[in-house]
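Have a look at the structure below, then the notes.
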Amino acid sequence: MLIESQILRIAALNNAAFEWIQHEKIGRTEGLTTGQLYIIRDVDTPLPPLGGMLSPLQAIALEFTDAVTRNLNFTIDLGERYKAELRKWLKERGDVPSNNMDTKVEDLYVEASMVVSAYNMVSRFLVSTDVNRLTGSEVPWPVQRTNVRPCPWF
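The opening position of the sequence shown corresponds to residue 2 in our numbering, with each subsequent residue numbered one higher.
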């Protein structure tokens, strides 16, 4: 769910309608609600959103995505806050031994960084090549749908 949130946010920020359309389905399958999708899609409302709609990890992941996608406005502090939320999430899950925690946090942070970087490239490619003739189209707003299953991680 976290990765899909980031991919969808990139699609919204880069006005990549094709990318949004493809990944909204996946996000819903992974447990994103219509309310969460509205927050992700609404690139004009500053983050973080009102409490309760997103977990702290989801909120910092979107903040990170915005910072990297919008003018590469990234700070070391933001990266450290993201890692701290990853650590909390892993501790809550309880399936990572404490002696392996730092490595797992770094692995997840690198994975998130790669996803944001790669999907920025993908969205810009989709827009520049006018895939499905959607360049210039507004990224759709989510409509109420029944979620396939709840996500057990967030």
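Cβ coordinates follow ideal geometry from the N, Cα and C atoms, glycine included.
Grouping DSSP H, G and I as helix and E and B as strand, with all else coil, what is residue i?
i	result
V132	helix
N16	coil
K123	The amino acid at residue 123 is misidentified as Lys; the sequence shows Val. Of the three classes helix, strand and coil, the one that applies to V123 here is helix, per DSSP.
V140	coil
S6	helix
V97	coil
V149	Bear in mind that a pLDDT of 42 at V149, under 50, signals an unreliable position, so the number given afterwards is only what the model happens to contain. Looking at V149 - three-state DSSP - the assignment turns out to be coil, as it is neither helix nor strand.
Less than 8 Å between the CB atoms is what I'm expecting for residue i and residue j, so what's the real figure, rounded?
i	j	result
R3	Q37	According to the sequence displayed, residue 3 carries Leu and not Arg. In fact, because the Cβ distance is near 11 Å, the residues do not count as touching under 8 Å.
D67	L48	6 Å
Skipping 5 residues on each side, what residues in its chain have a beta carbon closer than 8 Å to that of residue i?
i	result
R71	L14
P143	E25, T35, L38, Y39 and R42
V106	K84, L87, R88 and L91
V117	Q7, I11, F65, T66, V69 and T70
R125	N15 and A17
Could you give the distance in angstroms between the alpha-carbon of residue i and the alpha-carbon of residue j?
i	j	result
K26	S6	12 Å
D45	V97	37 Å
M102	D108	10 Å
G28	E64	18 Å
T104	V111	11 Å
F19	R10	13 Å
N16	N100	42 Å
P123	S138	Note on residue identity: the sequence assigns Val, not Pro, to residue 123. V123 and S138: Cα-Cα distance of roughly 17 Å.
L135	L33	24 Å
S129	I22	17 Å
S114	L79	12 Å
T76	P141	31 Å
Skipping 5 residues on each side, what residues in its chain have a beta carbon closer than 7 Å to that of residue i?
i	result
I61	R82, Y83 and E86
V132	F19
N74	A68
L127	A17, F19 and E20
Might you give, ordered along the chain, the residues of its own chain that have their beta carbon closer than 6 Å to the beta carbon of residue i, omitting 5 neighbours on each side?
i	result
P57	E86
Y120	I8 and I11
Are the C-beta of residue i and some C-beta of chain B separated by less than 9 Å?
i	result
L58	Going by chain labels, chain B is absent from the structure shown, which holds only one protein chain.
(request) Return the chain-ordered ranges of every alpha helix (DSSP H) run that is complete within the segment 12-95 and spans a minimum of 4 residues. (result) 18-30, 35-42, 57-70 and 77-94
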